[in-house]
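A.B. asks: Before I ask anything, here is the structure I am working with.
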Amino acid sequence: MDPLSDILSLLKPRNLLSAGFAAGGDWAVQFPNQQDNIKTGAIVRGRCLLWVEGEAGPIPLEPGDCFLLPAGRPFRMASSPDVPPLPAQEVFSDARRGGVAQVGTGDEFFCVSSRFALEGRHAGLLLSLLPPLIHLRDAGDRSGLRWAMERMMLELREDRPGVFLIVRHLAHMMLVQALRLHLDGLRGAGVGWLFALSDRHLGAAIGAIHADPAHPWTLPALARHAGMSRSSFAQRFKEMVGAAPMEYVARWRMLLAGDRLLSGRESVSAIALSVGYQSESAFSTAFKRVLGCPPRDYARQSGG
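In structure tokens, the structure reads:
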């Protein structure tokens, strides 16, 4: 897999709920804190205003626009600024298991939304690198995201057999597509692995690490994958990722090992070999240095 897919698989995003709401006339809905879950929303039809707690607003949303709230902050959506909001719990009381809620009169506005929990232990690996609000404006090259939005609207409205599974897969597709589009717009700005993926040279090196984490990686070998001199690569990697290349290799290996430990299906020695360590003691020392405790203690913390 590619690095973004690798990391999302490790963090295990789980779709808690997907629903739609239709609105017309004067309307407003206040959504509560999402309890550290990722909230996504996409405008299929009509226009509205969005306010997110702690962010400047309002933000106008148009058909095809998508927003992500990685920190799950409270937010409000409305047809205009002066409409008193209804609490989302009241509006969505009949759509708690999916479906379509109605706000106001008419349906000239339609939005689909999803809420995700990150079940992997290292959710901060992703969330700490994302801003509180990601707003993706509609564009002609985002047909995949637009298709998923419109398909989800149809599935939620029609409520046919298998709707739950289809909507769940569509929600995951929209999450990954939105993160991909956000990544495309970064253009090397910021510090962290997510930003480095947008860099052609560093992305190639990180991709090689993820493709074969057990390989005996060296700085010169990674620099060759990046097509850079060793010194330039090391400096650029540290500036963009926030860690030296070999530190990143060690951390990724230990995150993979930690995920396998939690499954409880493999021995420590087998996991050590899978991430490039011939010696269980050397692996245990590296694991404790990176993740703060010995492998067996790490597994016991989650009942493994």
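Its first residue numbered 1015, the sequence shown is counted upward by one per residue in our numbering. The C-beta atom is built at its ideal place from N, Cα and C for all residues, glycine as well.
Who are the Cβ neighbours of Leu1287 in its own chain at under 8 Å, not counting the five residues just before and after it?
C.D. replies: By 1-based counting over the sequence shown, the position of residue 1287 is 273. Excluding positions up to five away in sequence, the list reads Ala1228.
A.B. asks: Pairs of beta-carbons, one from the segment 1223-1240 and one from the segment 1164-1174, closer than 8 Å: are there three or more?
C.D. replies: They do not touch, by the three-pair rule.
A.B. asks: Going by alpha carbons, who is nearest to Ile1073 out of Ala1092, Arg1087 and Asp1213?
C.D. replies: In the sequence shown, residue 1073 corresponds to position 59, counting from 1. Nearest C-alpha to Ile1073: Ala1092.
A.B. asks: Bridge partners for Pro1063 per DSSP, in chain order?
C.D. replies: The residue you call residue 1063 lines up with position 49 of the sequence shown. Before going further, note that residue 1063 is Leu rather than Pro in the sequence given. Beta bridge pairing from DSSP links Leu1063 with Pro1074 and Ala1092.
A.B. asks: For Ile1180, which residues in the same chain have their Cβ closer than 7 Å to its Cβ, ignoring the five residues on either side in sequence?
C.D. replies: As a first step, residue 1180 is located in the sequence shown; it is residue number 166 there, counting from the start. For Ile1180, same chain residues with a beta-carbon under 7 Å away, outside a window of 5 residues either side, are Glu1169 in chain order.
A.B. asks: Between the Cα of Gly1078 and the Cα atoms of Val1126, Ser1094 and Leu1100, which residue gives the shortest distance?
C.D. replies: As a first step, residue 1078 is located in the sequence shown; it is residue number 64 there, counting from the start. Measuring from the Cα of Gly1078, the nearest candidate turns out to be Val1126.
A.B. asks: Looking only at C-alpha atoms, which of Ala1300, Leu1024, Arg1314 and Leu1144 sits nearest to Arg1087?
C.D. replies: Translated into the one-based positions of the sequence shown, residue 1087 becomes position 73. Comparing Cα positions, the closest option is Leu1144.
A.B. asks: Give the range of the beta strand (DSSP E) segment to which Leu1031 is assigned.
C.D. replies: By one-based count along the sequence shown, residue 1031 stands at place 17. Unbroken beta strand (DSSP E) run through Leu1031: Pro1027 to Gly1038.
A.B. asks: Which residue marks the beginning of the beta strand (DSSP E) containing Gly1118, and which one marks its end?
C.D. replies: In the sequence shown, counting from the first residue as 1, residue 1118 sits at position 104. Start and end: Val1114 to Gly1118.
A.B. asks: Is the separation between the beta-carbon of His1186 and that of Pro1027 shorter than 8 Å?
C.D. replies: Position 172 of the sequence shown, counted from the start, is the residue given in the question as residue 1186. Position 13 of the sequence shown, counted from the start, is the residue given in the question as residue 1027. Closer than 8 Å, so yes.
A.B. asks: Thinking C-alpha only, which one of Cys1062, Lys1302, Ser1128 and Leu1189 is nearest Asp1096?
C.D. replies: To locate residue 1096, count along the sequence shown from 1; it is residue 82. Of Cys1062, Lys1302, Ser1128 and Leu1189, the residue nearest in Cα terms is Cys1062.
A.B. asks: With DSSP as the reference, please indicate the residues paired to Ala1131 in a beta bridge.
C.D. replies: Here residue 1131 corresponds to residue number 117 of the sequence shown, with the count starting at 1. According to DSSP, Ala1131 bridges with Arg1028.
A.B. asks: Quick one: what's Phe1123 bridged to in DSSP?
C.D. replies: In the sequence shown, residue 1123 corresponds to position 109, counting from 1. Ala1037, per the DSSP bridge assignment.
A.B. asks: Got a sec? Which residues, its chain only, sit under 6 Å from Glu1280 by beta carbon, not counting five neighbours each side?
C.D. replies: Here residue 1280 corresponds to residue number 266 of the sequence shown, with the count starting at 1. Hits under 6 Å: Arg1274.
A.B. asks: Counting C-beta neighbours from all protein chains within 10 Å, is the total for Asn1047 16 or more, i.e. buried, or is it exposed?
C.D. replies: Here residue 1047 is taken as the residue at index 33 of the sequence shown, counted from 1. When all chains shown are included, Asn1047 counts as exposed.
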